[in-house]
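Protein chains in written order, with this note's numbering: chain A, 77 to 411; chain B, 77 to 411.
Structure first, then comments.
Shown next, in the form of structure tokens:
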């Protein structure tokens, strides 16, 4: 039984905590927060032991009637791995603490690739076996890795170009904009291409723009196929259909937008209305003049949740790739 | 002096009317409306003769105290050309009327290409000289033609892939959505590529998505360059910089989003705050591994306004391409 500590019980941390709690080979030994907000209250209600993140004010929790158990250092001897749920770049700052406590750690995709071994379950599970520091790549990179991984398995990719139409903020981050504008990321190509290469060796360039929505990212993907390749649209559809954590959606299901996908996730009875799978619009899949086109949507808060669970299994060599993915999928009800 | 009748004084029609009124070789002889709304009132205030579109109820205008002069058929003998400002596909229905009255007509990009000769001033002015029916291509196609036309002039384009991140609705069209979602156009490639080919012979495929903003469209453009071509980023910048109706913008001007561009247009003192030029983010222009990348923004209501004026000159062979563009630009204060 692996004891997992969630350092930063926020958007990602709380979701990973719930997912870890559903596994039989790992458990949550504690979660930490910086501020005594509604997430802190919920952690206690769920039965998790609540800790303060290093530097947080214990009294501010006490004043709200929230009992805390101290800091990570106080239970370090019982912790097998910390899953870092801190905002981007804060994880790197936390690394000193983990090192000084001698703890293994799993970071999120907002950190630089240099922080540890980059992880995506389907594309490079085995490279992460036994690693002390693992970085689960970002939601967007995970989305690219899921579908492009299918294509790379059958060795058809010559070059990929993808445009990432990004939601501007997480749903709760209501102080951010824009409310009526499109913001280009003027660094072209964007960082997403190089990031994908940390988990999948394909030739890719990406462009990113931010738009006024909070629900999901959308990727338009163009794959130049290798010249001697004779693959059909139906075969591509079949590849995606047979890969777990990728689902095909479309008009026939009434799914015409990212909002429809989020409503569908709620219908599935998913915890917090999450959509762990990458959704590919079936009708958008098309091959023309040697290029494969398709459009997919990525739920930024949750597609990386099952990846974090699998990263724990890789780190401690608990199970092989296929078995780990299957166990995680079953526990989370993944299609 | 060419007498121009605007049939449909709406989003496009009223802008083209203002632009025509600023030219010395053409004038507005009348404008028509279907409903007595604030555009109708403004037309009269501006001194334009107001007509009813065929089938509209004259009394509804009378009841609002708006004097109308009748229908297009009542002044057909004084009209040299009708500029059709009707919503998409309505122009095709109006064609029967124009033919029965023996009138020349200029249509907008919402019509099928088969309605007449497709027009973009920089790329195919001469093909439209003397045509009786001309279609000014859509705002998006105009945007693609403006910048890709520069590149085609120096013969560097092998293949273009572009993703059109479209504003979901015109600013006044406040009944439409989405308010918090991204809608993919699942027909991939989208119709924009074939439409561009009606005015510029380049190999292009496009993908389109709709996002919750009303201000401008944004295009991410990826141009695979011909193998033997040795062109630099600076040379591309210079091509765009020297082409009228294309401007370079960026961080140094404080222009980081489509909203910033619209605010900039207001600062320029433009009529209705319009931005006739295609705005290319200078920092986004980059060449990597034989592919040119750039991002541009398109003001959907107004980039086609100068094109309509030039289309009139081509139709009646009033001026050559360069002279017409220069006269139009000067009259509208185009950069």
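For each residue, glycine too, the CB sits at the ideal point set by N, CA and C.
Computed from a predicted model, the values in this text were never measured in an experiment.
(request) Could you pull the start and end residues of the beta strand (DSSP E) that residue 372 (chain A) belongs to? (result) 367-374
(message) Quick check: residue 138 (chain B) and residue 180 (chain B), are their CB atoms within less than 7 Å of each other?
(response) no
(request) Kindly list, in the order they appear in chain B, the residues whose Cβ is closer than 9 Å to that of residue 301 (chain A). (result) Here the premise fails: no neighbours, minimum Cβ distance about 14 Å.
(message) What are the residues in the stretch 354-366 of chain B lying within 9 Å of chain A by C-beta distance?
(response) 357, 358, 359, 360, 361, 362, 364, 365
(message) Applying the 10 Å Cβ sphere with the 16-neighbour rule, what's the burial state of residue 344 (chain A)?
(response) exposed
(request) Taking residue 174 (chain B) as part of the alpha helix (DSSP H), name the residues at either end of that continuous run. (result) 166-177
(request) Assuming residue 408 (chain B) and residue 352 (chain B) form a contact by the criterion Cβ under 8 Å, report the distance between their Cβ atoms to the nearest whole angstrom. (result) 6 Å
(request) State buried or exposed for residue 316 (chain B), treating a residue as buried only when at least 16 other CB atoms are found within 10 Å of its CB. (result) buried
(message) Could you tell me the alpha carbon to alpha carbon distance between residue 289 (chain B) and residue 149 (chain A), rounded to whole angstroms?
(response) 48 Å
(message) For a quick check, are the C-beta atoms of residue 388 (chain B) and residue 78 (chain B) less than 7 Å apart?
(response) yes
(request) Find the nearest neighbour of residue 212 (chain B) within the set B:224, B:192, B:205, judged by alpha-carbon distance. (result) B:192
(request) Can you tell me the Cβ-Cβ gap for residue 204 (chain A) and residue 390 (chain A), rounded? I've got them flagged as a contact below 8 Å. (result) 4 Å
(message) Quick check: residue 167 (chain B) and residue 187 (chain B), are their CB atoms within less than 7 Å of each other?
(response) yes
(request) Taking the CB atoms as reference points, tell me whether residue 286 (chain A) and residue 244 (chain A) lie closer together than 7 Å. (result) yes
(request) Let me know if residue 157 (chain B) comes out buried or exposed under the rule of 16 or more other beta-carbons within 10 Å of its beta-carbon. (result) buried
(message) Measuring alpha carbon to alpha carbon, tell me which residue in B:297, B:341, B:147, B:358 is nearest residue 324 (chain B).
(response) B:358
(request) Alpha carbon to alpha carbon, how far is residue 109 (chain B) from residue 367 (chain A)? Give it in angstroms, no decimals. (result) 46 Å
(request) Could you please give the first and the last residue of the uninterrupted alpha helix (DSSP H) stretch that includes residue 232 (chain A)? (result) Residue 232 (chain A) -> no alpha helix (DSSP H), and no H or E assigned at all.
(request) Taking 7 Å as the cut-off, decide whether the C-beta atoms of residue 362 (chain B) and residue 373 (chain B) are in contact. (result) no
(message) Tell me the residue span of the alpha helix (DSSP H) that contains residue 340 (chain A).
(response) 334-343
(request) For my contact list, residue 272 (chain B) and residue 278 (chain B) are in at a C-beta cut-off of 8 Å; report their separation, rounded to the angstrom. (result) 7 Å
(request) For residue 298 (chain B), decide whether its Cβ has a neighbour in chain A, counting only Cβ atoms nearer than 7 Å. (result) yes
(message) Tell me whether the stretch 231-247 of chain A and the stretch 294-310 of chain A touch, counting them as touching only if at least three CB pairs, one residue from each stretch, are closer than 8 Å.
(response) yes
(request) Take residue 319 (chain B) and list the residues in its own chain whose beta-carbon comes closer than 6 Å to its own, dropping the five residues that flank it on each side. (result) 226
(request) Using 10 angstroms around the beta-carbon of residue 113 (chain A), count the other beta-carbons present and answer buried if the total reaches 16, otherwise exposed. (result) exposed
(message) Given a cut-off of 7 Å on the beta-carbon distance, is the pair residue 183 (chain B) and residue 160 (chain B) in contact?
(response) yes
(message) Taking the beta strand (DSSP E) that residue 160 (chain B) belongs to, which residues open and close that run?
(response) 157-160
(message) Is the beta carbon of residue 241 (chain A) closer than 7 Å to that of residue 294 (chain A)?
(response) yes
(request) Compare the C-beta of residue 282 (chain A) with all C-beta atoms of chain B and state if any pair is closer than 7 Å. (result) no
(request) Scan the stretch 259-270 of chain A for residues whose Cβ lies nearer than 9 Å to a Cβ of chain B and list them as they occur along the chain. (result) 259, 260, 261, 262, 263, 264, 265
(request) Please name the residue in A:177, A:232, A:380 whose C-alpha comes closest to that of residue 66 (chain A). (result) Past the edges of chain A, shown from 77 to 411, lies residue 66 (chain A), and the structure says nothing about it.
(request) Verify whether the separation of the beta carbon atoms of residue 215 (chain B) and residue 379 (chain B) is less than 7 Å. (result) yes
(request) Just list the alpha helix (DSSP H) runs in the stretch 193-226 of chain B, keeping only unbroken ones of 4 residues or longer that don't cross its boundaries, in chain order. (result) 197-200
(request) Would you tell me roughly how many angstroms separate the C-alpha atoms of residue 255 (chain B) and residue 255 (chain A), rounded to the nearest one? (result) 10 Å
(request) With DSSP collapsed to three states, give me the class of residue 269 (chain B). (result) helix
(message) Against chain B, does residue 193 (chain A) count as a neighbour if the rule is that its beta carbon must be under 7 Å from one of theirs?
(response) no
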